[in-house]
Amino acid sequence: MIGYVTLGTNDLPRAGEFYDAIAGHFGVGRMMDFDTFIAWGAMDGAPGIAATKPFDEQPATVGNGTMVALEVDSPEKVRAVYDTAIAKGGKDEGAPGPRGDDGFYAAYFRDLDGNKLNVFCMTTPVS
1 MIGYVTLGTN
11 DLPRAGEFYD
21 AIAGHFGVGR
31 MMDFDTFIAW
41 GAMDGAPGIA
51 ATKPFDEQPA
61 TVGNGTMVAL
71 EVDSPEKVRA
81 VYDTAIAKGG
91 KDEGAPGPRG
101 DDGFYAAYFR
111 DLDGNKLNVF
121 CMTTPVS
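With the numbering used here, the residue at position 56 of the sequence shown is 56, and numbering never jumps.
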């Protein structure tokens with residue numbers, strides 16, 4: 001159902017570098033690149049993510065309670081995406097690890113504009 005998610009930025013070139021590094025872990029690159037908007041993903045592929053200067057030309061702000069979740073297929077990839085985000089200047093919001101006993105393995109971070117993201121995978125639930 002979701003085609004893509006858009007996050008606001010006040011510095012598109014900086015956001016571009018951050019998400020270029022993150023997108024590489026998903027095997028995708030930029031699929032659209034304009035003066036005010038960059039989108040990463042694959043045409044006709046899984047939902048993508050985009051960074052954009054707000055259309056109303058007001059400063060971009062984060063949504064309280066808003067988060068984008070990025071799915072990968074292993075705990076090692078969760079760690080790799082998280083480590084890349086932190087190395088590129090992202091802020092830790094929860095180091096990689098299991099959450100509960102239902103097999104949900106995740107890490108949380110904020111991008112350079114303060115938008116909250118999660119990278120996760122499902123593992124074998126603990127019995």
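Using N, Cα and C, we set each Cβ at its ideal position, and we do this for glycine too. It should be emphasised that the depicted structure is a prediction, and the values quoted were computed from it without experimental measurement.
- Segment contact: the region 6-15 against the region 109-118, three or more CB-CB distances shorter than 8 Å; contact assigned.
- The continuous beta strand (DSSP E) containing E93 extends over residues 91-99.
- By the C-beta density criterion, T9 is buried, having at least 16 other C-beta atoms within 10 angstroms.
- Following the DSSP letters along the chain, one finds F18 inside the alpha helix (DSSP H) bounded by residues 12-24.
- In this structure, P96 keeps its C-beta atom at 8 Å or more from the C-beta atom of P125.
- For the pair I2 and P47, the CB atoms are nearer than the 8 Å cut-off.
- Judged by DSSP secondary structure, A69 falls within the beta strand (DSSP E) whose first and last residues are 67-71.
- D33 carries a strand assignment under DSSP once its states are collapsed to helix, strand and coil.
- Residue environment: K53 is assigned as buried (16 or more neighbouring CB atoms within 10 Å of its CB, all protein chains considered).
- G90 sits buried, since 16 or more C-beta atoms from the chains shown fall within 10 Å of its C-beta.
- A69 counts as exposed, since fewer than 16 other beta carbons sit within 10 angstroms of its beta carbon.
- Counting the other Cβ atoms within 10 Å of the Cβ of A42 gives fewer than 16, which makes it exposed.
- From the listed residues F120, N118, A80, R99, the smallest Cα separation to G24 is found for A80.
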